[in-house]
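What follows is a single structure, written as structure tokens, with notes after it.
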Amino acid sequence: MSIHPFSSSSPKSSSVKYCIITNQFEIEKIENLFFNIKKRALYENENEITLTKSERNLLFLLLNNRGKKITHNQIEEFVYSGVAKTSVAIRTLIKRLRAKLPKDTIKNILDEGYYIK
Numbered sequence: 001m002s003i004h005p006f007s008s009s010s011p012k013s014s015s016v017k018y019c020i021i022t023n024q025f026e027i028e029k030i031e032n033l034f035f036n037i038k039k040r041a042l043y044e045n046e047n048e049i050t051l052t053k054s055e056r057n058l059l060f061l062l063l064n065n066r067g068k069k070i071t072h073n074q075i076e077e078f079v080y081s082g083v084a085k086t087s088v089a090i091r092t093l094i095k096r097l098r099a100k101l102p103k104d105t106i107k108n109i110l111d112e113g114y115y116i117k
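1 is the number of the first residue of the sequence shown in the UniProt record's numbering; add one for each residue after it.
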């Protein structure tokens, strides 16, 4: 695999490229962004996009189940450790994460859940 989402100008970038090439961790591409599955970190070029713990966990959940529906219950279980949350709280989390991703990345299935293609 030779995905090179980072320039080789900084030592940090070089080590990241090495890990990608040797498959020590997975990188998920979302248009012009890259999500490091192991670190649960989102990057645009060399810049890390700040995500809250809940946003990181939700993005991880959606990407690990790419193309599959994730229900509100699954989000509660994984993101909030089983603590019941209102639908408003989940929608707010989705809205915050959508604002940091390319348009239409997270799709909605009315009254059922969400997914990423």
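Built from N, CA and C at the ideal position, the CB exists for glycine as well. Computed from a predicted model, the values in this text were never measured in an experiment.
Quick one: which unbroken beta strand (DSSP E) runs of 3-plus residues sit fully inside the UniProt domain "OmpR/PhoB-type" (22-117)? Chain order, please. 27-30, 33-36, 41-44, 47-49, 106-109 and 113-116
Taking C-beta to C-beta, are Leu62 and Ile70 nearer than 7 angstroms? yes
Could you check the C-alpha separation between Tyr114 and Lys107 for me, to the nearest Å? Looking at the two C-alpha atoms, the distance is approximately 6 angstroms.
Glu55 burial status per 10 Å Cβ neighbour count (16 or more: buried): buried
Give me the Cβ distance between Glu44 and Asn32, rounded to the nearest whole Å; I'm assuming they're in contact under 8 angstroms. 6 angstroms
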